[in-house]
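Step one of this worksheet: look at the structure below.
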Amino acid sequence: MADNIIIELKNVSKRFAGGNNVVDNLNLRIKKGEFVTLLGPSGCGKTTTLRMIAGFELPTSGDVLLNGASIVNTPPHLRPVNTVFQKYALFPHYNVFGNIAFGLKIKSKRLIAQKRAEIKQATDKTAAIAELKSLKANAKNEIEKKVKSALKIVGLSDYERRDVNSLSGGQQQRVAIARALVNEPEVLLLDEPLSSLDLKLRKEMQLELKEMHENLGITFIYVTHDQEEALTMSDTIVVMKDGVIQQVGTPADTYNEPVNAFVANFIGDSNIFDGVMPEDRLVVFDGLTFECADVGFKKNEKVDVVLRPEDIFITDVSDPAAQITGTVISSIFKGVHYEMGVLSENACEYLVQNTVPRKVGENVGMYIRPFDIHIMKKPYTSNIFEGEIAGAGKVGFGGGIYDASTDGFETGEKVWVRVPLGGVEVVDDMDAGVVGGEITTILFKGTHYHIDVKCGNFIYRVNTDVQWDDYDRVGITINPEYIKLYKTEA
Amino acid sequence: MVNGAKSNGAEISGIKARVSGVNNGESKPKTTVAETRADGVKIGGNDAVTGGSKNAANKKKINKKKADAGFYARRKIGYYVGKSYVFLILGLIYIPILMIIVYSFSSGRGFSNFSFSFANINELFTGGSTESRRMLRALENTLLVGLASSVLATFLGTLGAVGVNSMRKKPREFMLNISNVPIFNADIIIALSLMMLFTALNIQRSAATVILSHAAVISPYVLLNVLPRLKQMNMSVYEAALDLGSPPLSALVKIIVPEILPGMVSGFVLAFTLSIDDFVVTDYTRSNSFETLSTYIYSQAAGKEGLSGALKPLSALIFLTVLAALLVFNLRKNSKLKRAENK
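Top to bottom, those sequences are chains A and B. 156 is the number that our numbering gives to position 136 of the first sequence; each next residue is one higher, with no gaps. 1036 is the number that our numbering gives to position 313 of the second sequence; each next residue is one higher, with no gaps.
Structure, rendered in C-alpha cells:
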C-alpha cells in the first residue's frame, strides 16, 4: 500500500438497529495532507462515515485504517483525530482558554503520569525526578503558548478570558476550530462546521479554512451538503447518495465529468435530458441531432445528456448558428447573470444562464458547442426485479404482488421481471398502491420527471409528468401490460 | 446649527406626542383611537373608524352580559367560595403550627392553660432529662439518615439519569416506568418488602439498613430532577470531550456534571426532605434502638405519658428553619432573575 494514505475505509457498512444500511460497503482512501469533502444530501451517510472515523460509531462491518493500522476498536479519546462539530459543542462552563486548553491539559497530565511511572522503574531516580520537575514547570507555559498561537491562527488573539456564551456564532466556530487544531491532530474532521453561519460569514470562513489547511498541512475531512462549499474548498470531492459513493474526483472532474445524472444534478445547475447515441460523436435529444465529443457507446445506446446552463448560448431566431428554437418562459435576475427557462419547439424545457436578458414570451435561438455536451451512460433503462409466480395471473416482486399475464409460467417459478420506467404509476395515497414508499430522488429531464421511490428494500425508478416533492409518501401501481416476465435461465 | 436645533426640537415634540399618547392610552384606552387621529396620523383613518365600531360591538356584548344578572351572581359566589377555601386550608395548616410556636413558651406538655415559661425550651437545649436526650439523639439520627441517604440517592439517581438518557426510545421508556414505580407505589408495601429482603438476607437491621432503604426510595426523584437537564443538554459536548482525549468517566465528571448540577442540587434537596419526612420505611427497616424523629414522636404519642414538652420548641425550630431557608432561596432566586434581566 502506498505510504501516503493516512485514512482508509475498507468495505465499511453501518446499519442502525431496525433500519437499512446507512453506509453500504464503502471503500475510500484518503491521502496525507489532502482536503477531502464528503458531499451529499441529508441522510446519505456522510456524517455517519465521519463519526466512524472519529470513533463515535462502530461500523457494523468493515475496517477503518489509520496509517495502515486498524483503529476500529480504538475508543475516540485515544484516536489521533479531532473533530469540529456542527453546533460548535463548546464547553459552556469554561472560557475560551479553558475550552482550547482542554485537550492539551489532558495530554500533559498523561505525560506527567507516564514520567511518574518511569521514575518508579528507573535506577537513577534523581535525573528522572529532575525531568519530571522541568516537565511540570514547563507544562503551564507550554499550554499557554499553544493556546495563544491557536487563537492567532483563527484570528481571535486576546480572546482567552472571554466567556464562550458571549461570542457570536462565527467566533464560537473559530474557537471550536482552534480547540481541535491545538492538539495537532493527524486528521481534522469537520462536520458541517459552517452550516449555522450566515452566507457572507460562511464564504469568508471557507476561504480561511482553506488557507489554514494549506498552512498547516493537516489532512482535512469535511462533511457538507453544500456543493458550492465543496467545490470552493476541496482537493477531492466524494459524492455520496444512500450510503454509496457515487463519484470521487477533483472539483473540476465532478463538475465537468459527472458520472451519472445524480452527480450532475447535485453539483451545480444542469439540464439533464434523455438521449440516444446513433454513432460516435453524435447524439440525439429533444428531437434534434447534435455533434458531441464523446465516443465509445454502442450504436443507438440510450444515454443521459448533461448541459450546463452557462454553456447554452442564446441568440436571435434568425441567427444561422441557432440549433434549437424556443420561447422564453421565465427570466430571473441572479446578480451576475439572468437565469432563463426556454421551452423548445418539441416542448423540452432548458435552463439557460446569460448576462443578456431576454423577455418572457420572446422567441430565441440556442446553440451548444460540441465539447460542452456531456454524455453519461445510463445506470439503468428499466426496472429489473427478481420475482416469483404467485398464482395464475399473479406475480410477486419488489415487495408486492401484481396482476400480470403469467402464460407459460408455473406457480412458484422464479422469474426475472422487467418494467419500463414509464410503466410504473405513482399514486398519491400510500395505501392505494400495491406497495408504498418514499420518494428519494427527483430529477427534471426537460420534458418529464425521473423519480426514485424507495419501498422497503426495493427502489422503483419512474418517469412521470407529475411534479412530486422529496420525501412524499406515495403508492406504486403497475399496469399488467407493462410487466414482462423472463425465465431465469435466459 | 439652526437646522440641527430645529430637527431636534421636532424630534422632542414627536417623542412628547408619543408619550402623551401612551399616557392617555393607559388611563382610558377607549380614547386612544381618537387620540392618534388627533395627532395627525392620517394613515388608516378608515381603520380607526372600523376599530371604533368594533369597540362599540364589544361594548354591546358586555352590556348583554351585564343584563344577565345571574352571571355576576355566580361569579361572586365562585369568588367567595374560592377565597374561603384558600383561607380555610391555610388556617388548617398554619393555626396548629402557630399554636406549637406559641405553646413552646408555655410550661407543661399539652395545649391547655397557657402559662408563660421557658421550661420546655430549657429542657430542649440543656438536655436535662433522659427523654429530651433521647429526642435530640433522634434528631441527630434523622439528619444523619437524611444526609447520607440523599447523598447516595443523588449519586445513584444521577447515574441512572445519564444511563436512561443515553438509551434508545423504547428501553428508555421501559426503564423510566420501572424507576417510577416506587414513586407511585404505596410506602407500606415498599417498606414491608425491604424489611423482608433484609430478613431473608440475614442482615441485622440498623442505621445502615435505614439509609440504604431511604436511598432506594428517593433516588427515582433525583433521576426525575436530573433527566430534563440532560435532555436539554447538547450531547455533542460530551463527544467533544472524548474527542479531545478525555476518557469517558472523566468527561462525565468534567463536562456533564457541571451542566446538570442544578438538577442534582434540587434533586438532593427534595431527597433530603423526603427522607426526613419518612416514617413508614424507617419504622420497618430500623432496629429497635435506632430512632429518628418520626418514629420517636410516634412512639411517644402512642405511649402512656404522651408527647414530651420539649417537642414543641423543637417542632417550632424545624419549621422556622425551613421557612428561613425557603425565604433565602426565593429572595436569591428573585435577585438572580433581576440581575439576568438587567444584563
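In this text, a Cβ means the ideal position worked out from N, Cα and C, and glycines have one as well.
**Request:** Would you verify that the beta carbon of B:Asn1053 is, or is not, closer than 8 angstroms to some beta carbon of chain A?
**Result:** The sequence position of residue 1053 of chain B within the second sequence is 330, counting from 1. Not one chain A Cβ lies under 8 angstroms of B:Asn1053.
**Message:** Taking its Cβ as the centre, do 16 or more other Cβ atoms sit within 10 Å of A:Asp324, making it buried, or is it exposed?
**Reply:** Position 304 of the first sequence, counted from the first residue, corresponds to residue 324 of chain A. When all chains shown are included, A:Asp324 counts as buried.
**Message:** Check whether chain B comes within 8 angstroms of A:Pro203, counting only Cβ atoms and requiring the distance to be less than that.
**Reply:** To locate residue 203 of chain A, count along the first sequence from 1; it is residue 183. A small correction: the amino acid at residue 203 of chain A is Asn; Pro does not occupy that position in the sequence shown. It does; some Cβ of chain B falls within 8 angstroms.
**Request:** Determine, using beta carbons only, whether B:Pro707 comes closer than 8 angstroms to chain A.
**Result:** Any property of residue 707 of chain B remains undetermined from this structure, which presents chain B solely from 724 to 1066.
**Message:** Out of B:Val988, B:Ile983, B:Ala964, which one is the CA nearest neighbour of B:Lys954?
**Reply:** Mapped onto the second sequence, residue 954 of chain B falls at position 231. Here the closest residue by C-alpha is B:Ile983.
**Asked** When burial is assigned at 16 or more other CB atoms within 10 Å of the CB, is B:Phe839 buried or exposed?
**Response** Against the second sequence, residue 839 of chain B aligns to sequence position 116. B:Phe839 should be labelled exposed.
**Item:** Interface residues of chain A facing B:Glu962 [CB-CB closer than 9 angstroms]
**Value:** Numbered from its first residue, the second sequence carries residue 962 of chain B at position 239. Residues of chain A passing the Cβ test: Arg71, Ala74, Phe76, Pro96, Thr103, Phe105, Ala109.
**Message:** Suppose you measure from the CA of A:Ala341 to the CA of A:Phe391; what does that come to, to the nearest Å?
**Reply:** Residue numbering aside, residue 341 of chain A sits at position 321 when the first sequence is read from its first letter. Residue numbering aside, residue 391 of chain A sits at position 371 when the first sequence is read from its first letter. Taking the straight line from one Cα to the other gives about 16 angstroms.
**Prompt:** Who are the near neighbours of A:Val296 in its chain, counting only those whose CB is closer than 8 angstroms to its CB and skipping five residues on each side?
**Reply:** Along the first sequence, read from residue 1 onward, the residue named residue 296 of chain A stands at position 276. Closer than 8 angstroms at Cβ, skipping near neighbours: Val303, Val304, Phe305, Asn320, Glu321, Lys322, Val323.
**Request:** Can you tell me which of A:Ile421, A:Ile409, A:Gly443 puts its alpha carbon nearest to the alpha carbon of A:Tyr506?
**Result:** On the first sequence, position 486 is the one that residue 506 of chain A refers to. Comparing Cα-Cα distances from A:Tyr506 to each of A:Ile421, A:Ile409, A:Gly443, the minimum goes to A:Ile409.
**Message:** Can you tell me whether A:Asn185 is buried or exposed? The criterion is at least 16 other CB atoms within 10 Å of its CB, across all chains shown.
**Reply:** Indexing the first sequence from 1 puts residue 185 of chain A at position 165. The residue in question, A:Asn185, is exposed, as its Cβ has fewer than 16 Cβ neighbours within 10 Å.
**Message:** Within 8 angstroms of any Cβ in chain B, is that where the Cβ of A:Ile126 sits?
**Reply:** Taking the first sequence and counting its residues from 1, the one referred to as residue 126 of chain A is at position 106. Chain B, which has a Cβ nearer than 8 angstroms to the Cβ of A:Ile126, makes this yes.
**Message:** Just to make sure I have the definition right: I need the residues of chain A whose C-beta is within less than 7 angstroms of the C-beta of B:Pro894. Which are they?
**Reply:** Within the second sequence, numbered from 1, the residue matching residue 894 of chain B stands at position 171. Here the premise fails: no neighbours, minimum Cβ distance about 11 angstroms.
**Request:** Take A:Met232 and list the residues in its own chain whose beta-carbon comes closer than 7 angstroms to its own, dropping the five residues that flank it on each side.
**Result:** Here residue 232 of chain A refers to the residue found at position 212 of the first sequence. Sequence-distant Cβ neighbours of A:Met232 in its own chain, meaning closer than 7 angstroms and more than five residues away, are Ile173.
**Request:** With a 10 Å radius around its C-beta and 16 neighbouring C-beta atoms as the bar for buried, classify B:Gly768 as buried or exposed.
**Result:** To locate residue 768 of chain B, count along the second sequence from 1; it is residue 45. Legend: pLDDT at B:Gly768 = 38, less than 50; position of this residue unreliable, no value from coordinates given.
**Request:** For A:Met253, collect the residues of the same chain with a Cβ closer than 7 angstroms to its Cβ; drop the 5 residues on either side in sequence, then sort them by chain order.
**Result:** As a position in the first sequence, residue 253 of chain A is number 233, starting the count at 1. For A:Met253, same chain residues with a beta-carbon under 7 angstroms away, outside a window of 5 residues either side, are Phe55, Thr57, Gln226, Leu229, Lys230, Tyr242 in chain order.
**Asked** Which parts of the stretch 182-220 of chain A are runs of the alpha helix (DSSP H), unbroken and 4 residues or longer, counting only runs that do not cross its ends?
**Response** 189-201
**Asked** How long is the line joining the alpha carbons of A:Val32 and A:Asn47, rounded to whole angstroms?
**Response** Your numbering for residue 32 of chain A matches position 12 in the first sequence. Your numbering for residue 47 of chain A matches position 27 in the first sequence. Straight-line Cα distance between these residues: approximately 7 angstroms.
**Request:** State yes or no: is the C-beta of B:Ala994 within less than 8 angstroms of the C-beta of B:Ile941?
**Result:** Here the question's residue 994 of chain B lines up with position 271 in the second sequence. Here the question's residue 941 of chain B lines up with position 218 in the second sequence. Going by C-beta atoms, B:Ala994 is nearer than 8 angstroms to B:Ile941.
**Asked** DSSP beta-bridge partners for A:Val243?
**Response** The sequence position of residue 243 of chain A within the first sequence is 223, counting from 1. Paired residue(s): A:Leu58, A:Asp211.
**Message:** Measuring only the C-alpha atoms, how far is A:Lys220 from A:Leu214?
**Reply:** Residue 220 of chain A sits at position 200 when you count from the first residue of the first sequence. Residue 214 of chain A sits at position 194 when you count from the first residue of the first sequence. So the two alpha carbons sit approximately 11 angstroms from each other.
**Asked** Between A:Gly123 and chain B, is there a C-beta pair that is closer than 8 angstroms?
**Response** Taking the first residue of the first sequence as position 1, residue 123 of chain A is located at position 103. It does: the Cβ of A:Gly123 has a partner Cβ on chain B nearer than 8 angstroms.
**Prompt:** Cβ of B:Asn957 less than 8 angstroms from any chain A Cβ?
**Reply:** In the second sequence, counting from the first residue as 1, residue 957 of chain B sits at position 234. Chain A contact via Cβ: present.
**Prompt:** Closest to A:Ile26 by CA distance: which of A:Phe293, A:Val207, A:Lys398 is it?
**Reply:** Working through the first sequence from its first residue, we reach residue 26 of chain A at position 6. Selection A:Phe293, A:Val207, A:Lys398 evaluated against A:Ile26 yields A:Val207 as nearest (Cα-Cα).
**Message:** Measuring straight from C-alpha to C-alpha, what distance separates B:Pro943 and B:Ile979?
**Reply:** By one-based count along the second sequence, residue 943 of chain B stands at place 220. By one-based count along the second sequence, residue 979 of chain B stands at place 256. Taking the straight line from one Cα to the other gives about 19 angstroms.
**Neighbour flag for B:Leu965 against chain A, beta carbons, 8 angstroms** = Reading the second sequence from its first residue, position 242 is the one you call residue 965 of chain B. So, interface residue.
**Message:** To the nearest angstrom, how far is the alpha carbon of A:Tyr469 from that of A:Gly411?
**Reply:** Indexing the first sequence from 1 puts residue 469 of chain A at position 449. Indexing the first sequence from 1 puts residue 411 of chain A at position 391. Roughly 34 angstroms between the two C-alpha positions.
**CB-CB length for A:Gly263 against A:Val43, believed under 8 angstroms** = In the first sequence, counting from the first residue as 1, residue 263 of chain A sits at position 243. In the first sequence, counting from the first residue as 1, residue 43 of chain A sits at position 23. Taking 8 angstroms as the upper bound for CB-CB distance, A:Gly263 and A:Val43 are in contact here, some 5 angstroms apart.
**Message:** Against chain B, with Cβ distances strictly below 8 angstroms, would A:His245 count as a contact?
**Reply:** By 1-based counting over the first sequence, the position of residue 245 of chain A is 225. Output row for A:His245: interface = no.
**Asked** With a cut-off of 8 angstroms, does the C-beta of B:Pro981 fall near any C-beta of chain A?
**Response** Mapped onto the second sequence, residue 981 of chain B falls at position 258. Chain A contact via Cβ: present.
**Message:** I'd like the list of long-range same chain contacts for B:Tyr961, defined as Cβ closer than 8 angstroms, with 5 residues on each side in sequence excluded.
**Reply:** Indexing the second sequence from 1 puts residue 961 of chain B at position 238. Cβ within range, chain order: Ala974, Leu975, Ile978, Ile979.
**Request:** For A:Asp294, count neighbouring C-beta atoms within 10 Å of its own C-beta (all shown protein chains included) and say buried if the count is 16 or more, exposed if not.
**Result:** As a working mapping, residue 294 of chain A is identified with position 274 in the first sequence. Burial call: buried.
**B:Leu1040 versus B:Gly880 - alpha carbon distance** = Counted from its first residue, the second sequence places residue 1040 of chain B at position 317. Counted from its first residue, the second sequence places residue 880 of chain B at position 157. One C-alpha to the other measures close to 31 angstroms.
**Message:** Can you tell me where the beta strand (DSSP E) holding B:Lys928 begins and where it ends?
**Reply:** Along the second sequence, one-based indexing puts residue 928 of chain B at 205. Rather than Lys, the amino acid found at residue 928 of chain B in this sequence is Arg. Segment: none, B:Arg928 is in no beta strand (DSSP E) and carries neither H nor E.
**Message:** Quick check on the burial criterion: 16 or more other C-beta atoms within 10 angstroms. Buried or exposed for A:Val104?
**Reply:** Here residue 104 of chain A refers to the residue found at position 84 of the first sequence. Buried, since its Cβ has 16 or more Cβ neighbours within 10 Å.
**Request:** Could you tell me which chain A residues have their CB closer than 8 angstroms to the CB of B:Ile978, listed as they occur along the chain?
**Result:** Sequence index remark: in the second sequence, residue 978 of chain B carries index 255 (1-based). Correct list: Phe111.
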